[in-house]
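Participant:
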Amino acid sequence: MSSTHGNPSLTDEQAFYAIAQEITRYLGKVLASRPYIAIADLTGTIHYIDSSLERFSEFIQNFVRTNFNLLRPGDHSLPLGGVNLAFFKVSEKAMIILYTVKGLSGQLLAFKTKMFEWTSKIEILLKDVIVAAEPTVFTAEILTVEPKTTISGAKTTSAEPPRPEKRRGLKTVPVLRKKLTGKEKFSIEIATILQYCDGNYTITQIRDATGYPLLKINEVIRMYQKKNWIELKRVV
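Going by the numbering used here, the sequence shown opens with residue 1, and the numbers climb by one from there.
1. Taking all protein chains shown into account, do 16 or more other C-beta atoms lie within 10 angstroms of the C-beta of D198, making it buried, or fewer, making it exposed?
2. Whole beta strand (DSSP E) runs in the segment 70-118 with 3 or more residues, listed along the chain?
3. Is L10 helix, strand or coil by DSSP?
4. So, are the CB atoms of S91 and T119 less than 8 Å apart?
5. With a CB to CB cut of under 6 Å and the five nearest residues on each side skipped, what residues in its chain are close to L108?
6. To the nearest angstrom, how far is it from the Cα of K179 to the Cα of K185?
7. Go through its chain and collect everything with a Cβ distance to R222's Cβ below 6 Å, but skip five positions before and after it.
8. Within the continuous beta strand (DSSP E) that includes L232, where are the two ends?
9. When we look at the beta-carbon of S187 and count the other beta-carbons within 10 Å, is it buried (16 or more) or exposed?
10. What span of residues does the alpha helix (DSSP H) with L243 cover, start to end?
11. In terms of alpha-carbon separation, which member of Y48, I193 and R65 lies closest to I122?
12. I'd like the span of the beta strand (DSSP E) that includes V173, first residue to last.
13. Would you mind giving the Cβ-Cβ distance between A38 and L27, rounded to the nearest angstrom? I have them listed as a contact below 8 Å.
14. Can the beta-carbon of I203 be found less than 8 Å from the beta-carbon of T172?
15. Buried or exposed for L214, going by 16 or more other Cβ atoms inside 10 Å?
16. Measure how close the beta-carbons of F68 and M95 come, nearest whole angstrom, since I'm counting them as under 8 Å.
17. Within 10 Å of its beta-carbon, does V64 have 16 or more other beta-carbons around it, so buried, or fewer, so exposed?
18. Can you check whether the CB of I193 is closer than 8 Å to the CB of Y255?
19. Could you compute how far the alpha carbon of P35 sits from the alpha carbon of T45?
20. Could you tell me which of D208, Y196 and A191 sits nearest to P174, measuring between CA atoms?
21. Would you list, in sequence order, the uninterrupted beta strand (DSSP E) runs of no fewer than 3 residues that lie entirely inside the segment 31-60?
22. Return the chain-ordered list of same chain residues with a C-beta closer than 8 Å to the C-beta of G103, the five sequence neighbours on each side being excluded.
23. Looking at Y201 and A191, is the spacing between their C-beta atoms short of 8 Å?
Structure, rendered in structure tokens:
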């Protein structure tokens, strides 16, 4: 398919690559570490990703699908403590994702001053992507613009996490009450389970999202109940 990104002879794939190269050149002047780029649409489809970001591809897809409608254009999120991975919502259709191996994650926020520079080019390439008239809004945010809970080492999952189900009758949901700094050291299993303890997911849904057995999930929840980090709530 041809593209209108500067050169009509470019395919969309080449056009997204050209945009990523422009962003890389710009950030190379302002960051101490080499940046790696991904561009995704609101459905979680990745249209471009640098090879060094490939290991995060499943996490990126899941994050965008789950959180896109929780963010407004101009918002950003740094969802993984200890990992320099930042999501920038540049339009109602797209996110640009940045990653650096070294340095502080805060350095990536330098991109905010220029994040809309490539919006019009991306919008042209995503002209066939439809924005829902009334986007889905969850009852509680999974990840906020400035995440209250950033958990280092969480496992990425191959499938989209199940969305909170329509609740019928009383259900028990674990709620993480302790405010984390992002500097805590958790095992992959614990980090992955804790990120779903936000009051939206039942223990069964956490099992479906993470792939861990109920025995393991209950063990982690009990451990952090004893520390007064987690509270079990009955909700309608």
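For each residue, glycine too, the CB sits at the ideal point set by N, CA and C.
Facilitator: According to the structure data:
1. On the sequence shown, position 198 is the one that residue 198 refers to. Burial call: buried.
2. 85-89 and 94-99
3. Residue 10 sits at position 10 when you count from the first residue of the sequence shown. Correct three-state label for L10: coil.
4. For the purposes of this step, residue 91 is taken as the residue at position 91 of the sequence shown. For the purposes of this step, residue 119 is taken as the residue at position 119 of the sequence shown. Yes. Within cutoff.
5. Indexing the sequence shown from 1 puts residue 108 at position 108. Correct list, in chain order: A86 and L98.
6. Stepping through the sequence shown from its first residue, residue 179 is reached at position 179. Stepping through the sequence shown from its first residue, residue 185 is reached at position 185. Rounded to whole angstroms, K179 to K185 spans 14 Å at the Cα level.
7. Translated into positions along the sequence shown, residue 222 becomes position 222. Cβ within range, chain order: n/a, list empty.
8. Along the sequence shown, one-based indexing puts residue 232 at 232. Taken as a continuous stretch (DSSP letters only), the beta strand (DSSP E) holding L232 covers I230 to V235.
9. In the sequence shown, counting from the first residue as 1, residue 187 sits at position 187. So S187 ends up on the exposed side.
10. The question about residue 243 has no answer, for the chain in this structure spans 1 to 236.
11. The residue you call residue 122 lines up with position 122 of the sequence shown. Among Y48, I193 and R65, the Cα nearest to that of I122 is on Y48.
12. Indexing the sequence shown from 1 puts residue 173 at position 173. Element bounds for V173: K171 to L176.
13. Start at 1 with the first residue of the sequence shown, and residue 38 comes out as number 38. Start at 1 with the first residue of the sequence shown, and residue 27 comes out as number 27. The pair is not a contact, with the Cβ atoms about 13 Å apart (cut-off 8 Å).
14. Here residue 203 refers to the residue found at position 203 of the sequence shown. Here residue 172 refers to the residue found at position 172 of the sequence shown. It is a contact, given that the beta carbons lie within the stated cut-off.
15. The residue given as residue 214 occupies position 214 in the sequence shown. Burial call: exposed.
16. Indexing the sequence shown from 1 puts residue 68 at position 68. Indexing the sequence shown from 1 puts residue 95 at position 95. Their Cβ separation, rounded to whole angstroms, is 7 Å, which keeps F68 and M95 in contact under 8 Å.
17. Within the sequence shown, numbered from 1, the residue matching residue 64 stands at position 64. The residue in question, V64, is buried, as its Cβ has 16 or more Cβ neighbours within 10 Å.
18. Because the chain spans 1 through 236 in this model, residue 255 falls outside it and cannot be assessed.
19. If you number the sequence shown from 1, residue 35 lands on position 35. If you number the sequence shown from 1, residue 45 lands on position 45. Roughly 21 Å separates the two Cα atoms.
20. As a first step, residue 174 must be located in the sequence shown, where it is residue number 174. P174 has its Cα closest to that of Y196, out of D208, Y196 and A191.
21. 36-41 and 46-49
22. Along the sequence shown, one-based indexing puts residue 103 at 103. These residues qualify, in order along the chain: L31, A32, S33 and N84.
23. Here residue 191 refers to the residue found at position 191 of the sequence shown. Here residue 201 refers to the residue found at position 201 of the sequence shown. Not in contact: A191 and Y201 (Cβ atoms no closer than 8 Å).
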